[in-house]
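Numbering (full-length UniProt numbering), first residue to last: 1 to 275. In this text, a Cβ means the ideal position worked out from N, Cα and C, and glycines have one as well. Written out below as structure tokens is the structure these notes cover.
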């Protein structure tokens, strides 16, 4: 196209100057490049999503094999392995659908935060899967591997499970912020308050080494002072060294009352995975 007033030549599709990039009168090079970029972006996200869906089968298969062992191992070891497999399944599911979330989300700032948490989650998830493979699949007999599980592998696995749960809840909180869009446009404050009851207003805190307090709000006594959270101490966590948790990452989150409505396990559980 040529401007009738100044004789400036430009492309009618991309509105950029015709020279020196445009040579074909029927195809815009800028639009072709954009289409190729979009196709490449889709392929990358699709491959990542497919990979995590397939990697999830490892945790499902291992959990079924451990559940059907003939010789019963120690309760603590059995409980840990089954719990680690469940967390691994949840992590793979979140990683798969976080690819879909990042692909369609147009909020650059929100995507950057979620992708940072996703990268950390993927790192710890891969480490946990490698640990389970090396410690349990080194022998053909799975019951022997369960009996010979080393204490160092046990403690490392507990730490990885704890870190994965931190990242899962962080991703859940950041992704739920998108649901606030459109809810706060109402002119009635009471209506807003009612609608936002299931959406947290501030980021939750991952406090302490125990992974079970993420969905709990602090208890208070009659004077309004916070009481210490009751520690969740299952039987298989007896020998867990709390000093090992000093190196865990600390997210700058804080609890609020509305975060009680976020149930991590019910959110991430797959109805068909644990029947």
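The beta carbon of residue 49 is closer than 6 Å to those of 96 and 99 in its chain, skipping five residues each way along the sequence. Using a Cβ-Cβ distance cut-off of 8 Å, the region 101 to 119 and the region 63 to 80 are not in contact, since fewer than three pairs of beta carbons, one from each stretch, lie closer than that value.
Per the coordinates, the alpha-carbon of residue 67 lies some 20 Å from the alpha-carbon of residue 92.
Rounded to the nearest whole angstrom, the CA to CA distance from residue 45 to residue 89 is 20 Å. Along the region 137 to 174, the alpha helix (DSSP H) occurs as fully enclosed runs of 4 or more residues at 142 to 147, listed in sequence order.
Cβ-Cβ distances below 6 Å link residue 133 to nothing in the same chain once the five nearest sequence neighbours on each side are left out. A Cβ-Cβ separation of about 6 Å places residue 164 in contact with residue 87 under the 8 Å criterion. A check of alpha carbon separations from residue 147 across 63, 136, 156 and 47 identifies 136 as the nearest.
For residue 140, the closest of 162, 5 and 69 by C-alpha to C-alpha distance is 69.
Nearest to residue 156 by C-alpha distance, out of 124, 145 and 144, is 124. Secondary structure within the region 80 to 140: the alpha helix (DSSP H) runs of 4 or more consecutive residues, fully enclosed, are 108 to 136 (chain order).
In this structure, 126 is the residue among 126, 47, 108 and 105 with its C-alpha nearest to the C-alpha of residue 85.
Of 154, 129, 144 and 3, the smallest CA-CA separation from residue 61 is found for 129.
In terms of Cα proximity to residue 120, the closest of 53, 58 and 161 is 161.
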